[in-house]
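Everything below concerns the one structure shown next.
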Amino acid sequence: MSRFMRQLLPFGSLILIICFLSAYEPDTFLTLNNFMNVLRRSSVNGIIALGMTSVIISAGIDLSVGSMLALSGMTGAYAMIAIGGMVPQEGALVFGTLVGIVAGLVCGLLNGVLITKLKLPPFIVTLGTMSAFRGISYVMNAGQPYNVPSYKYLGSGVVMGIPVSVVIFAVIVAIASFLLRYTRFGRYTYAIGSNREAAFHAGVNVDRNLIYIYTLTGLFVGIAAMIATSRTVSAQPTAGIALELDIIASVVIGGASLAGGRGSITGTIIGTLLISFLRNGCTLLGISTNVQLIVIGAIIIAAVAVDQLARAKAEAGQTG
Amino acid sequence: MTQASRKNKSLHSSITLQMTGISKRFGTVQALSDVSFTVRSGTVHALVGENGAGKSTLMKILSGVYKQDTGSIEIHGRPCTFDKPEQALTAGVSMIYQELDLAEHLTVAENVFLGNEPAGPLPFTVDYKAMVSKTVELAKRLNFEIDPKAAVENLSIGDCQIVEILKALIRNASIIVMDEPTSTLSESGAERLFEVVRHLRDQGISIIYISHRLEEIIGLADEVTVLRDGRVVHSELVTKLDIAQIISYMVGRELKEFFPARDVKIGEVCVKVEHLSSDGRINDISFDIRSGEIVGMAGLVGAGRTDVAGAIFGVQKKTSGTITIDNELRNITSPTDAIANNIAFLTEDRKRTGLCLQLPCTWNITLPNLAAIGMKNIIRPTRENKIAEDMAERIGIKWLGPQAPVDSLSGGNQQKILIARWLLANSKFMIFDEPTRGIDVGAKKEVYTLLNQLAEQGKAILFISSELPELFGIADRILVMRRGRLVGNLKTSETTQEQVMHLAAVEAN
């Protein structure tokens, strides 16, 4: 089955949902404002999902992204406050932003190093760091958020009519696509996920590439964390609880295989938007968030089941 | 037991297994033709032959994995047809494969009774005590001590084989097939196994014993049947044969494959391997290969041939030894280093260590070569596909297109993808480990032609193979491995298949 066919189903579902909502709620749904709103909300999850895509293609998993989001945001905001009196306000905000992003990168690097040097499964390592990062976020300010009231630009700024966060998302989409499709890093990521032993025998430095993958994910989470912090003008230690599940869901709905070797940026974007529009639509239709959970759960299972079925059919067609 | 009594026993005991006129064809390959095979009760019957002679096919028919095209099987005089392995098990045939088939985390007793657990006092329970005591009792009958409560993962390979035998006994096996049981055992482990096999025989069980180690067969078996090219060439009492005779029956397979001629231009010494050892698996291996030379490597399964390649290529750790290419000492600790130092390694298991099956053909071909084709930093897919297509055309790969996933190709074409990969790498020293395994005759011939071309270009080639005819057809020189040591380094023109087989299969005194 071609890559195009594989993405047809989630893409079709996305279009279907948009058409359905446009028909039922034309006044509230089918407005530029609402679309921008959905995109803005998607950007944080989307940026993280882009990192998660490379992790999942390499047959790994990163459960710590939600906690990493909180820790990066807290670190960035703390830096802004700590340096606040000493430099002009804007300088402090830029500095804090960079510190937050670097914090994410360091968290990712730590995951990568633990996975490769201790030879532990990514599931275990990131389960551990998920707890540890969350704990540090709570300890930092005794469970209280850091408020940064002037930190607005990333969350609600607009460039030529487009929200800044959406612009950042678009830029990172371009970067991630390029990395996966046009660099050795991306090629090796697919190879490791498809057959790690074969990649090793073909001279791929598996450990180094895995460290790159988790570090890249950490970097993306750091960027997402600063956007999230800016949106609420505060860094919450409770940010991103259970976020990893949403992220993994987006990637898997987009056609990536948890067994590795399969996945794409396009698929992940579609998966992210699908979940966002679904949430948005449910809200507009007055369906409670509790019921939304049920709907999203069903969609995840249905998407993967249909994909498996289609692939089994394609394989049977090939041999039979 | 004395030789004389062994002979008598073989002649007078009743027939347990009678396979008559068995033929089996796979596609264009006639794996077995009109094979008849008789095993008497309470005897050890050795089945020997080179790789591809048909031993495994015959045993797979006996154990119900394959169904014969023609011919019949009788066990204790009763005709049997096996459509699946369970039926063969019920009829009393147990197979013990080289790769043992045990549940690692369970105990010895649990493994022995797996699927046959005695019921406990309450419904849905098992009588663990009975399992333990019965296991001890069975082991005692074989004069063997084993802790029934030990977890199988903590046992030696030898003990695991005994567990397999006990498992067979619980299922009332009257025929036990053992496939190369000693290839992974130490000498003392092998001795203990022979002891157990003799006890089994004395209790009236028939053992079909497949081995390449001929002195084992002389010491253990009552009868021997030799297969060659899917036919029985000889079947006799062991006492009437010696090792040289057995070897002469085994080798001399018809050279079905045509070996293309080569313009041999052997140059200077290119590769020098000195005192290579790795973790007790290979010991003090030294050889050299000249440019333009194809050096074959022969040896039985488990002799350490792949370990030599792995230690050179940085797949496994060297404990000692050096590798010199073009008079320059190379420090290689990983495949990445090896490739950078102009070495290529086509591994024997293309599915496990060769290909990324779901990924496109092009990606598989260029995987180790991205830097070499000028795509170290940025990949240009159009140019990359073109490179792969040129390579495919050069060696005749049949595919749906350069972006088709490798698993949509036939076995022979998958192998060619790997060959294309290493051709593209254009390495000076190329190691081919069983490059013709599992591909059809036509594809084999193409591989031979390629090896010749590479040699003509001045490459140094190490060609590992279990097929003596192809080693003799292609190699200029043959290295022989036995139990982790290099025991022969012979010019092909000055040796015979008998001599190589003798070195590989017979322990030196």
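Here the protein sequences line up with chains A and B, keeping their order.
Quick note: the first sequence, position 25, residue 38 per this note's numbering, numbers continuous.
Quick note: the second sequence, position 509, residue 997 per this note's numbering, numbers continuous.
Even glycine gets a Cβ: it sits at the ideal position worked out from N, Cα and C.
Check, Outcome
"Under 8 Å by beta carbon: chain A residues contacting Q846(B)", "S207, G274 and R275"
"Partner residues on chain B for Y225(A), Cβ-Cβ distance less than 7 Å", "Result: empty, since nearest Cβ-Cβ is about 14 Å, beyond 7 Å."
"Length of the line joining the Cα atoms of Y227(A) and S67(A)", "8 Å"
"R840(B) at chain A interface by Cβ criterion, 9 Å", "yes"
"Contact test: V532(B) Cβ vs the ligand SAH heavy atom, cutoff 8 Å", "Looking for the ligand SAH in the displayed structure turns up nothing, as the structure carries no ligands at all."
"Where P567(B) falls, given that 16 or more other Cβ within 10 Å makes a residue buried", "exposed"
"Residues near V219(A) by beta carbon distance below 7 Å, same chain, minus five either side", "I205, R209, A212 and F213"
"Residues sharing a beta bridge with K512(B), DSSP", "L520(B)"
"Cβ-Cβ distance between G216(A) and S822(B) below 9 Å", "yes"
"Beta carbon of A323(A) nearer than 9 Å to that of L22(A)", "yes"
"Own chain partners of G798(B) with C-beta closer than 7 Å, once the 5 adjacent residues on each side are dropped", "Q804"
"Backbone secondary structure at I300(A) - three-state DSSP", "coil"
"Cβ-Cβ separation, F601(B) to M583(B) (assumed contact under 8 Å), whole Å", "Actually they are not in contact, since the Cβ atoms of M583(B) and F601(B) sit about 18 Å apart, beyond 8 Å."
"Beta-carbon spacing of R909(B), L855(B) below 9 Å", "yes"
"Residues that E762(B) bridges to, as DSSP identifies them", "T810(B)"
"Proximal residues of chain B, C-beta to C-beta of N218(A) below 7 Å", "T824"
"Where the alpha helix (DSSP H) containing F182(A) begins and where it ends", "V177 to Y195"
"Chain B residues whose Cβ lies nearer than 8 Å to that of A72(A)", "Going along chain B, no residue has its Cβ under 8 Å from A72(A), so there is no contact; the nearest lies around 11 Å."
"N- and C-terminal bounds of the beta strand (DSSP E) containing T824(B)", "Here T824(B) belongs to no beta strand (DSSP E); instead the alpha helix (DSSP H) covers P823 to A828."
"Short CB-CB distance (under 9 Å) between T490(B) and chain A", "No answer about T490(B) holds up, because its pLDDT of 45 lies below 50 and its placement is not dependable."
"Every unbroken beta strand (DSSP E) inside the region 776 to 808 of chain B [3 residues or more]", "782 to 787"
"For Q506(B), the three-state DSSP class (helix, strand or coil)", "strand"
"Residues bridged to M583(B) (per DSSP)", "V665(B)"
"Alpha-carbon to alpha-carbon, I282(A) and A105(A)", "33 Å"
"As assigned by DSSP and simplified to three states, the class of S560(B)", "strand"
"Short-range partners of chain B found in the region 187 to 199 of chain A, where Cβ spacing is below 7 Å", "Y195, T196 and R197"
"Sheet register partners of I949(B) (DSSP bridge)", "I782(B) and M918(B)"
"Pair within 9 Å by beta-carbon distance, G946(B) and G755(B)", "yes"
"Members of the region 803 to 825 of chain B that neighbour chain A once the beta carbon cut-off is set at 9 Å", "V803, S822, P823, T824 and D825"
"N- and C-terminal bounds of the alpha helix (DSSP H) containing L845(B)", "Per DSSP, L845(B) belongs to no alpha helix (DSSP H) and is neither H nor E."
"Where K512(B) meets chain A, residues with beta-carbon distance less than 8 Å", "Correct list: empty, because the minimum Cβ distance to chain A is about 22 Å."
"Start-end ranges of the alpha helix (DSSP H) lying completely within the region 669 to 718 of chain B, minimum 4 residues", "675 to 690 and 702 to 708"
"DSSP beta-bridge partners of S723(B)", "T713(B)"
"Interface residues of chain B facing E210(A) [CB-CB closer than 7 Å]", "R840 and T841"
"Cross-chain neighbours of L204(A) in chain B, by beta carbon under 9 Å", "The amino acid at residue 204(A) is misidentified as Leu; the sequence shows Ala. Correct list: C844, L847, W851, N852 and L855."
"Backbone secondary structure at Q987(B) - three-state DSSP", "helix"
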